[in-house]
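Here is the structure we will look at, set down as structure tokens.
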Amino acid sequence: MPELPEVETSRRGIEPYILNQQVIDVVVRQKKLRWPIPARLKSELIKQKILAVGRRGKYLLLETGIGTVLIHLGMSGSLRIVDKGTAPEKHDHIDIAFNNNKVLRLRDPRRFGSVLWTRKDPAQHKLLSQLGPEPLSDEFNADYLYQQSRSRKVAIKLFIMNSQVVVGVGNIYANEALFMAGINPKRQASRISYQRYQILVACIKEVLQLAIQQGGTSLQDFTQQDGKPGYFQQILKVYGKTNQPCLICHQPIRQLRQQQRSTFYCSQCQS
Ligand SMILES: [Zn+2]
């Protein structure tokens, strides 16, 4: 599933081709994604210029003078830039064509992705208005996370994966950041000290930044803009490493389930 680093990688990948370009066509081959593609998308978008290519959580925001396209990649979505006239393949559901002869193309085999349109401030959109701060912003800091945690009896891993607390800390990144910070994923959020939250916040930022630098992880269907898989998975330290020796203490990495998601940790190094 594309996580925040993949979405950010996509954003950076498509931005140079579509920023300040004018939309000349919109082709919808499959309108049944997670939510139906708005019928007015084409009439609204045509002749509009893309004024900004933003991201909020895992949503890409294509801003125009009259409204914003919200794109979510769902479970298996990916975006590509192709030249005008490039034949679509199976699962290439939507094209947005620009006056520079480039086409932004959404492929989504499982169709859990979405393309929506709003004329309002996208921050007020119901899908975005409840989201916590961006993990790489200054707003996400130890003071904030510590304050949020004081009344939470939930396990720390579930706490940092809650998008109302902070967006974009998916399962892989939560596992890796907690290992890096030496915090047991089962520990109750309210019982972790301010000092440890300082370390954890730094580790979350580091792990996400590293993943963005590496172009996102490549699990299952995701391929980067240029079609090459990401390489972050090659530097994972605990995720998917059940029974392999911990890189620090050589004890076997343990696995458990927390809310249907796999947790990997070292019981020796993480307390
Ligand atoms: Zn260890």
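Residues in the sequence shown are numbered consecutively from 5, following the working numbering.
Idealized CB from N, CA, C, for every residue including glycine.
Inter-residue Cα distance where the pair is residue i and residue j
{"i": "THR13", "j": "PRO126", "result": "21 Å"}
{"i": "ASN188", "j": "THR246", "result": "15 Å"}
{"i": "CYS270", "j": "ILE252", "result": "9 Å"}
{"i": "LEU135", "j": "GLN168", "result": "5 Å"}
{"i": "TYR150", "j": "SER194", "result": "8 Å"}
{"i": "LYS232", "j": "GLU143", "result": "Confidence at LYS232 is low in this model, with a pLDDT of 44, below 50, so the placement of that residue should be treated as unreliable; the coordinate-derived value is given next. Cα to Cα, LYS232 sits roughly 33 Å from GLU143."}
{"i": "GLN152", "j": "TYR201", "result": "11 Å"}
{"i": "ILE28", "j": "SER141", "result": "35 Å"}
{"i": "THR227", "j": "GLY81", "result": "Only weak support is given to the placement of THR227: the predicted model assigns it a pLDDT of 43, under 50, and the question is left unresolved by the model."}
{"i": "GLN128", "j": "MET184", "result": "35 Å"}
{"i": "ARG258", "j": "PHE268", "result": "6 Å"}
{"i": "GLU67", "j": "LEU131", "result": "16 Å"}
{"i": "LYS209", "j": "PRO137", "result": "12 Å"}
{"i": "LYS157", "j": "PRO249", "result": "31 Å"}
{"i": "ASP112", "j": "LEU77", "result": "7 Å"}
{"i": "ARG265", "j": "GLY186", "result": "20 Å"}
{"i": "GLY174", "j": "GLN213", "result": "14 Å"}
{"i": "LYS241", "j": "ILE164", "result": "19 Å"}
{"i": "VAL170", "j": "GLY244", "result": "24 Å"}
{"i": "GLU93", "j": "ARG115", "result": "15 Å"}
{"i": "ASP99", "j": "PRO256", "result": "47 Å"}
{"i": "LYS88", "j": "GLN218", "result": "29 Å"}
{"i": "LEU74", "j": "GLU48", "result": "14 Å"}
{"i": "GLU180", "j": "VAL211", "result": "7 Å"}
{"i": "LYS53", "j": "GLY69", "result": "7 Å"}
{"i": "GLN224", "j": "MET79", "result": "In this prediction, GLN224 has a pLDDT of 36, which is less than 50 and means its spatial position is unreliable; nothing more can be read from the coordinates."}
{"i": "LYS190", "j": "ASP96", "result": "41 Å"}
{"i": "LYS106", "j": "MET5", "result": "26 Å"}
CB of residue i within 8 Å of CB of residue j, strictly
{"i": "ILE203", "j": "LEU182", "result": "no"}
{"i": "GLU7", "j": "TYR177", "result": "yes"}
{"i": "ILE216", "j": "LEU108", "result": "no"}
{"i": "VAL57", "j": "LEU23", "result": "yes"}
{"i": "GLN26", "j": "ASN103", "result": "yes"}
{"i": "GLY3", "j": "THR122", "result": "The structure shown does not extend to residue 3, since the chain is modelled only from 5 through 275, so no value can be given for it."}
{"i": "ARG15", "j": "LEU64", "result": "yes"}
{"i": "GLN263", "j": "LEU120", "result": "no"}
{"i": "VAL32", "j": "ILE41", "result": "yes"}
{"i": "LEU55", "j": "SER118", "result": "no"}
Near ligand 1: residue i beta-carbon under 7 Å from a heavy atom
{"i": "GLN255", "result": "yes"}
{"i": "CYS270", "result": "yes"}
{"i": "ILE187", "result": "no"}
{"i": "CYS250", "result": "yes"}
{"i": "CYS273", "result": "yes"}
Problem set entry | alpha helix (DSSP H) runs contained entirely in the region 167–224, provided each spans 4 or more residues | 175–185 and 198–217
Exercise. Could you give the uninterrupted runs of the beta strand (DSSP E) lying entirely in the region 13–44, keeping only those of 3 residues or more?
Worked result: 27–32
For this session: Just list the beta strand (DSSP E) runs in the region 61–129, keeping only unbroken ones of 3 residues or longer that don't cross its boundaries, in chain order.
Result: Uninterrupted beta strand (DSSP E) stretches at least 3 residues long and entirely within the region 61–129 occur at 63–67, 72–76, 82–87, 96–102, 106–111 and 118–122, given in chain order.
Exercise. Can you give, in chain order, each stretch of the alpha helix (DSSP H) that sits fully within the region 131–159 and has at least 4 residues?
Worked result: The region 131–159 contains these whole alpha helix (DSSP H) runs: 146–153.
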